[in-house]
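Read through the structure below, which is laid out as structure tokens, and then see the notes.
Protein chains: 2
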Amino acid sequence: MAGEKYVYDFSEGSKDLKDLLGGKGANLAEMTRLGLPVPAGFTITTSACRAFLATGENPPSLAAEIDDHLASLERDMGRELGDHGDPLLVSVRSGAAFSMPGMMETVLNVGLNDANVAGLAAQAGGDERFAWDSYRRLVQMFGKTVCDVPGDAFSDALDELKQARGVRNDVDLGADDLAALTATFKRIFAKHTGHDFPQDPREQLRLTIAAVFRSWNAERAVLYRRQERIPGDLGTAVSVVAMVFGNLGPDSGTGVAFTRDPASGAQGIYGDYLQNAQGEDVVAGIRNTVPLERLQEIDRRSYDRLLDIMATLEGHYRDLCDIEFTIERGKLWMLQTRVGKRTAAAAFRIAAQLVQEGMIDRDEALRRVSGAQLGQLMFPRFDLSSAPDVLATGVGASPGAAVGKAVFTAARAASLAGSGEDVILVRRETNPEDLAGMIAARGILTARGGKTSHAAVVARGMGRACVCGADSLDISGSSLRVGDVEIAEGDVLSIDGTTGRVYRGAVPVQPSEVVQYFEGSASEDELVQAVDMLMTHADDRRRLAVRTNADTGDDAARARRFGAEGIGLCRTEHMFLGDRKELVEKLILAHTDQERGDALAALLPLQRSDFVDLFRAMDGLPVTVRLIDPPLHEFLPSLEELAVTVAVARERGEEHADDERLLDAVRRMHEQNPMLGLRGVRLGLVIPGLFAMQVRAIAEAAAHLAAEGLHPRPEIMVPLVGAVQELEMVRGECEQIVAEATGVPILIGTMIEVPRAALTAGQIAEAADFFSFGTNDLTQMAWGFSRDDVEGAFFWRYLELGIFGISPFESLDRDGVGRLVRIATDAGRAEKPGLKLGVCGEHGGDPESVHFFHEVGLDYVSCSPFRVPIARLEAGRAALD
Amino acid sequence: MAGEKYVYDFSEGSKDLKDLLGGKGANLAEMTRLGLPVPAGFTITTSACRAFLATGENPPSLAAEIDDHLASLERDMGRELGDHGDPLLVSVRSGAAFSMPGMMETVLNVGLNDANVAGLAAQAGGDERFAWDSYRRLVQMFGKTVCDVPGDAFSDALDELKQARGVRNDVDLGADDLAALTATFKRIFAKHTGHDFPQDPREQLRLTIAAVFRSWNAERAVLYRRQERIPGDLGTAVSVVAMVFGNLGPDSGTGVAFTRDPASGAQGIYGDYLQNAQGEDVVAGIRNTVPLERLQEIDRRSYDRLLDIMATLEGHYRDLCDIEFTIERGKLWMLQTRVGKRTAAAAFRIAAQLVQEGMIDRDEALRRVSGAQLGQLMFPRFDLSSAPDVLATGVGASPGAAVGKAVFTAARAASLAGSGEDVILVRRETNPEDLAGMIAARGILTARGGKTSHAAVVARGMGRACVCGADSLDISGSSLRVGDVEIAEGDVLSIDGTTGRVYRGAVPVQPSEVVQYFEGSASEDELVQAVDMLMTHADDRRRLAVRTNADTGDDAARARRFGAEGIGLCRTEHMFLGDRKELVEKLILAHTDQERGDALAALLPLQRSDFVDLFRAMDGLPVTVRLIDPPLHEFLPSLEELAVTVAVARERGEEHADDERLLDAVRRMHEQNPMLGLRGVRLGLVIPGLFAMQVRAIAEAAAHLAAEGLHPRPEIMVPLVGAVQELEMVRGECEQIVAEATGVPILIGTMIEVPRAALTAGQIAEAADFFSFGTNDLTQMAWGFSRDDVEGAFFWRYLELGIFGISPFESLDRDGVGRLVRIATDAGRAEKPGLKLGVCGEHGGDPESVHFFHEVGLDYVSCSPFRVPIARLEAGRAALD
């Protein structure tokens, strides 16, 4: 763009220009504007990066702009880049609007060369060791990150030198050693790149900036963006900052600090300081840091100044800030600030504190906590007061605290769990063959793989605790070893899927105090008070009602304590399990109307009594009952097992008439794709009396409670409707039975879970009092994914490839499935403005998805009892969007 | 509506007012306007019917309007309704815009009562028998159709009387008998209705009109409309017509006539005449009719007048007309005319004749024939002159006449056919394992399943004759039995896939001359000339290109002769069957990259040679190759069978290591819902090298032919894409391989068969050169129907309940699946205006669906070779819409 400004001095930017200057550049500018001591510098915009990536060249005007800003930087610092006697050095830092792993981060000491390394030593009061160390770091960092020289080539040379000198630590190498090492590094550089290390400081700078630009498209960065759905065309900014040194003597140093405790949220001074050191050294862990309070003894003036600055920043950002600083010969410099990450508990505490301090209002506080954080606070935790042995640490891949006997094969997991044991399945890594064992286990532990490995993805999908990538574990077929500890099958392990820690033995599990609060046991704890304040505010704000998915009176009562405002989904097929399976088998195998009628008649009073319990627990609130949904053969034995039983019995010449009859039935009812087969409303239209029995049970239960003076509010929901004709027929039958059985008004509506139902929602609305989106099935059919099959078989691969950022079963796919929800919502409301709209798929409890449902204009979400508070919180947050 | 006109005299209407006056009323009005001799009368509009059905009452102004028109009718006829001495009688006829079974049709003789029956006799020259017969018919017809008196009650009384009188026929009953019968009928009427037969002629008329109105909502009519997707709120019109009598002596009579032969289309006089009779008697078949020509001997004046009128009508309607007439004492009256139904051959011949006669233009001729009719003309037929034995009758599921030796397994079918025999594959039902046998057979016969069973669908897809659901067949492993007839392997059967009949022995087959014409053997036959003219005109008119679905060079060559302009779908998995199954098994069971690579390397030259044949046959035309789509376990044995084999072998203590290994693999790959599992693009992204092998084979085949100087135009199609990311990845891989292997340009596109692909088509278009709608899978997923499961399980019931008029797998569901096609078309073209769009589901050859695809704006349809001419014809017709 002609005349576009590509370079901003720190004094020209502000924190609101993140998109243009990146997070780092925008915050450096903001601190500069606040008058805080920031080294001079400037930021090259993301727009310049976009132009570079589009054309492979810098925009024509960029070089001159950089020259101008560099000249001004030189003036400010009183030093010149490339000067031999008193050289200016700069650091070059990337910084996109979102922080993004995989991109090039920083190159320090740009500007050093053979000619001015002595000048740097002079600047540092004659410290030659410091100067050569700075130079060899530049060659190493520049080689690795700008020119793709393998890092090992440098570190191997360093190790060789230390060995030759007989020293253990870098700091034990002297100036001469480091000068020699620099020469070695330059040879390595030339060998790998085919040209010498560039001596021209401006060329160093130019190449570094281009490398930062290019790193926007580094493989890991691209993958990360794909996963996080960050647009690929934003580009990164580049900040060029005058170097300051914390390693120029005891009156220098470097540190990090938080304005509040990021773990607990408690107010105070939290941070670490390392005297006579640079940031790199803190990371390398060569020497121990000291608590930040100690700085007041070391350098009282800088300490006081730092505290002032931290108060300024917190007041300005109105939030916990995370800062990096350096002290160069007693002068404090701010190198970075950002709103700090924090634990879930701290997020709630800090939000509440800031409200109390009058820094933010309740809306803002609500924006700063999330349902995901609340979820973390609701998981039970290990009671670590006994200081259990940490056996290993991996990636916390699926939260939860699980205790059980270690098993090393899926088959053993299934058999031990089958006999009532809690087991932890331990595998080097899992694959689709391990699925049965993963389902059987309380938790899953692997030595390999990260958050998107097969184990992690499947465990999250199933709600199992999972630690993966605990790479210190040496796992064989029947045991694991860590160092000299061996864990054999049957030995007890405890795994924490939040922290990634693995403990030996059984660690006691502590119930979450937040869950206790929801359950109604009061507490004076600060966290609980914060949660209470924020939940109350969310409830005030939200437009979406929150219901629960529950099939029993107990679940319903619990969910009601958690704040559920009704039941959005009662799955009646769950009432067909246990002892009743026998009756269901009779129903399925019935050969005559009489047999079928008898089986239904026997089920009627049982179903009625289930509904009496449920309606009682939810008295006065709506209860949506879904008529039977799954294919009937789900209530029969497996075809494979039965076929084998019969064949083997036959081979033995044994009697097997009953099994043969059953096998015939199972074979007859076997379906290639039961998900898309005879189920839901199709069953209701094909099997006479089935839906009628359920509707009668609902209506009679309502009549019974109404006679007691209660206020039952049942709603009948027809599953798997794809055409209005199906609903019309069932509705006609329902209305007649309801009119016969009770005076209680009962709404009749439908699931929208088949894509065609969404596409023809205008027609379907004519026959429906409400729609409830079944987003699980809608996702299965819109994507063509059978959840039973694909999650284990290839979702891990899709996550790895970045085709999904997150499974569409976890968080609603807005573009595809979400579009169906929108189409149906719009058409349904256009046909019938008062149509009640809700969602009862698992997405009803997913934070991201709750925002979508709010945005689309649904009336309620329904989710599992445990997720009700999360949905309430997110519904409140969504109302603030 | 205030002031709305509800009644039209015949002189006020016209044939263009069908919606208001119904078909019958509009045509009576048209004939009246043409000055033809139509008895006086008037029509009550469909609008009056709608008002009646909405409120349960006639619109307030209707009674007065009817009175006015009745008065005018009385003036015209010189008789009054209810007059004792010279009564006016009327017929009351229903008539909707669409002809519709299940509605009340006609009540004759309205106006007769106890007081004027003698007057009618006097009118008829003292014929008392005629008068009493007319009266008893009124009581009977009015009782049955207006008052729901069971018809048997009347016919039983009539039978009793005949028995008592010792006569066989109604005509042998005298005037006294009929007077007595009338009295009996009135008693029956009173007993069933609780009131006497109404004596007031105006009440008779009022009640009859109301009954016609109500019959719009008769169960059969509602079901029919639901099935035919005729809106339920149109209503029917009612025509009131002065009675004329053909049974008043030898100078009276009644007849039907066609202006051309409705069977052959030949010009001339076709019809039947019955002297001294009424229309009812013709239907009852009591006496034999005579050919219409005989009328010139009986009543030359009326005959000549009739011929004049027929010429007038044909000239006016510009089409074959079907008429009903009555001669009352030498005076000709026209009672009805309509455009006549005709056979498929006649439709083509008549259309061509009318063009030659200058009566219509070619566009109009094309409108008057249909793809369904053309399809009928393409099937070979049995020559039934030898009156062969009908062994059984089933559902005619895929038309055609097939003769061959009965075989009872797919393997025998393949081997016998391989040695040159014609075979009929007989199975209880078929499944995908029978595919090779189905391909090898001339025809397929099953005992189970309907028009949408696996056998039916696959046979239709392959153009094989198929009779299914012949449930009298008792099929065992190696023979079939019907009653005491047994058919063993090798016995010859003949099956007619149009009529569903199965014959024992070889019935001679007549080849279709229309197919011979398409195959290129010329003929001077009038039918072939007509087809040629209409096909040529359709090709001139159509915008849609027509491609074919073909997997072999032979199929491709045949389709090309039938007019295919390329291949829209080559299913590469069909190339993985037969001998190659072993290689595929190796691929699936491969444990190492090496094993997998070896299996793929062995498949490469085979696939390449398949493509060489295919591209050669379609030289110069586009060939769309779909990369492998079905789940790999389809190439492995069935889980149930294998589990039984292994269990039994184990029980016997036999060796079974190979089977066990195979069973492990089958179990590992088993999916709950394979349709929604690991298949299509998912396989390509999970199994390294699989797609690459296929793409290499395509590119190398193209290079090979290009080197010969030919012009291969391959297009690569990626199946089951749901997200643009999937397509991008495969596209990247394809482009690289294509660039390495050939200079021939190859388009890369995707199936749109997953609903999400349609919903996100704008994104997907960015990475696609073309879309091809896979409407089979799109239908499965949009409705949530697994075709393998639901068609047999409940489609029959859905068709019966009227939820479908036709299976959505046969004809595209416009509202649901069609909406997805529209969404994707619009979004795809918006993103990429030049995007090529086609369809390759079976709907591509369905006439209704072709019109939809034209309307939506696709570029081409693709269908089985046999359907190519049908699609061409319908694409031409669609362009005229």
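Protein chains in written order, with our numbering: chain B, 6 to 886; chain L, 6 to 886.
Backbone N, C-alpha and C define an ideal beta-carbon position, used for all residues, glycine too.
May I ask you to report which of helix, strand or coil DSSP gives residue i?
i	result
VAL519(L)	helix
PHE250(L)	coil
MET6(L)	Because MET6(L) sits at a pLDDT of 45, beneath the cut-off of 50, its placement in the model cannot be relied upon, and the following sentence gives the value as read from the coordinates. DSSP places MET6(L) in coil when its eight states are reduced to three.
MET105(B)	coil
PRO874(L)	helix
Restricting to Cα atoms, I'd like to know which of the options is closest to residue i.
i	options	result
GLN612(B)	PRO642(B), SER791(B), MET580(B), ALA561(B)	MET580(B)
LEU163(L)	ASP427(L), ILE193(L), CYS152(L)	ILE193(L)
ILE500(B)	VAL400(B), GLU529(B), ASP545(B), VAL487(B)	VAL400(B)
ALA216(L)	ASP496(L), MET146(L), LEU325(L), GLY116(L)	MET146(L)
GLY258(B)	LEU430(B), GLY273(B), LEU667(B), ASN281(B)	ASN281(B)
ALA543(L)	LEU178(L), VAL873(L), ILE332(L)	VAL873(L)
PHE696(B)	ALA706(B), ARG631(B), PRO642(B)	ARG631(B)
ASN554(L)	THR541(L), PRO516(L), GLY573(L), MET538(L)	GLY573(L)
VAL462(B)	THR264(B), GLY583(B), GLN534(B), SER403(B)	SER403(B)
LEU609(B)	ILE703(B), GLY568(B), ILE692(B)	ILE703(B)
ASP886(B)	ILE742(B), GLY862(B), CYS868(B), HIS856(B)	HIS856(B)
Tell me the rounded alpha-carbon separation between residue i and residue j.
i	j	result
SER77(L)	PRO64(L)	21 Å
GLU165(B)	LEU253(B)	27 Å
LEU637(L)	ASP439(B)	20 Å
ALA595(B)	ASP663(B)	14 Å
MET6(L)	PHE57(L)	At MET6(L) the pLDDT is 45, less than 50, meaning the model places this residue with poor confidence; the figure from the coordinates comes in the next sentence. If I take the Cα positions, the gap works out to 12 Å.
CYS152(L)	ARG207(L)	16 Å
ALA415(B)	THR629(B)	38 Å
GLU570(B)	VAL551(B)	6 Å
PHE800(B)	GLU771(L)	24 Å
Name the one or two DSSP bridge partners that residue i has.
i	result
ALA406(L)	ASP501(L)
ASP277(B)	VAL261(B), PRO296(B)
MET315(L)	The partner list for MET315(L) (beta bridge, DSSP) is empty, contrary to what the question assumes.
GLY843(B)	SER777(B), TYR865(B)
Chain-ordered residues of the segment 327 to 359 of chain L with a beta carbon less than 9 Å from chain B: Close to chain B, meaning a Cβ-Cβ distance shorter than 9 Å, is no residue of the segment 327 to 359 of chain L at all.
Residues of the segment 222 to 236 of chain B with Cβ closer than 8 Å to any Cβ of chain L, in chain order: Against chain L - using a Cβ distance shorter than 8 Å - the residues of the segment 222 to 236 of chain B are ARG231.
Chain B contacts made by the segment 709 to 738 of chain L, where a contact means CB separation under 7 Å: Against chain B - using a Cβ distance shorter than 7 Å - the residues of the segment 709 to 738 of chain L are LEU725, GLY727, ALA728, GLN730, GLU731, MET734.
Members of the segment 649 to 662 of chain B that neighbour chain L once the beta carbon cut-off is set at 9 Å: Residues of the segment 649 to 662 of chain B that bring their beta carbon within less than 9 Å of a beta carbon in chain L comprise VAL649, THR650, VAL651, ALA652, VAL653, ARG655, GLU656, ARG657, in sequence order.
Contact residues within the segment 661 to 679 of chain B, judged by C-beta distance below 8 Å to chain L: Going along the segment 661 to 679 of chain B in chain order, one finds GLU676, GLN677, ASN678, PRO679 with a Cβ nearer than 8 Å to chain L.
The segment 820 to 839 of chain L: positions lying closer than 8 Å to chain B by Cβ: If the cut-off is 8 Å between Cβ atoms, the segment 820 to 839 of chain L has ASP820, GLY821, VAL822, ARG824, LEU825 near chain B.
Near-chain L residues of the segment 773 to 790 of chain B (beta-carbon distance less than 7 Å), N- to C-terminal order: Against chain L - using a Cβ distance shorter than 7 Å - the residues of the segment 773 to 790 of chain B are GLN785, MET786, ALA787, TRP788, GLY789, PHE790.
Residues of the segment 622 to 646 of chain L with Cβ closer than 7 Å to any Cβ of chain B, in chain order: Legend: CB atoms of the segment 622 to 646 of chain L lying less than 7 Å from CB atoms of chain B belong to residues LEU644, GLU645.
Short-range partners of chain L found in the segment 746 to 762 of chain B, where Cβ spacing is below 7 Å: Within the segment 746 to 762 of chain B, the qualifying residues are VAL759, PRO760, ARG761.
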